[in-house]
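Numbering (the working numbering), first residue to last: 10 to 104. The C-beta atom is built at its ideal place from N, Cα and C for all residues, glycine as well. First the structure, in the form of structure tokens, and then the observations on it.
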């Protein structure tokens with residue numbers, strides 16, 4: 010699935026079947042369901058899971074917690090807008 014195809018699903022009632030869990034989390038985040046997105050991301054114990062988790066805490070406004078998760082993801086804290094980082098993460102995970 011391409012980013013544009015994924016983005017087109019954001020107005021659906023549910024995420025498409027068969028998505029990677031982290032992409033599903035980002036779908037929920039884009040649909041104003043931060044808690045659902047966070048529940049998914051915190052259960053994925055990989056660098057990518059930590060990256061999504063960091064982004065979510067950054068969006069929440071909890072910079073200290075976000076920095077902790079960026080470190081676990083082995084990534085610098087993002088200086089991009091939240092929208093740009095969401096697209097960056099989503100694009101990377103869809104590859």
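From which residue to which residue does the alpha helix (DSSP H) around residue i run?
i	result
residue 3	Nothing about residue 3 can be reported from this structure: the residues present for the chain run from 10 to 104 only.
residue 34	30 to 39
residue 87	Element bounds for residue 87: n/a, residue is neither H nor E.
residue 54	Neither: residue 54 is in no alpha helix (DSSP H) and is coded neither H nor E.
residue 2	Absent from the model: residue 2. The displayed extent of the chain is 10 to 104, so no value can be given.
Decide if residue i is buried, meaning its Cβ has at least 16 other Cβ atoms within 10 Å, or exposed.
i	result
residue 99	buried
residue 82	buried
residue 38	buried
As a quick exercise: from the options, pick the residue whose alpha carbon is nearest that of residue i.
i	options	result
residue 103	21, 33, 22	33
residue 86	73, 96, 92	73
Could you name the residues of the same chain whose beta carbon sits closer than 8 Å to that of residue i, not counting the 5 residues immediately before and after it, in chain order?
i	result
residue 11	103
In chain order, what residues of the same chain have a beta carbon less than 7 Å from the beta carbon of residue i, not counting five sequence neighbours either side?
i	result
residue 50	31, 34, 58, 61, 62, 65
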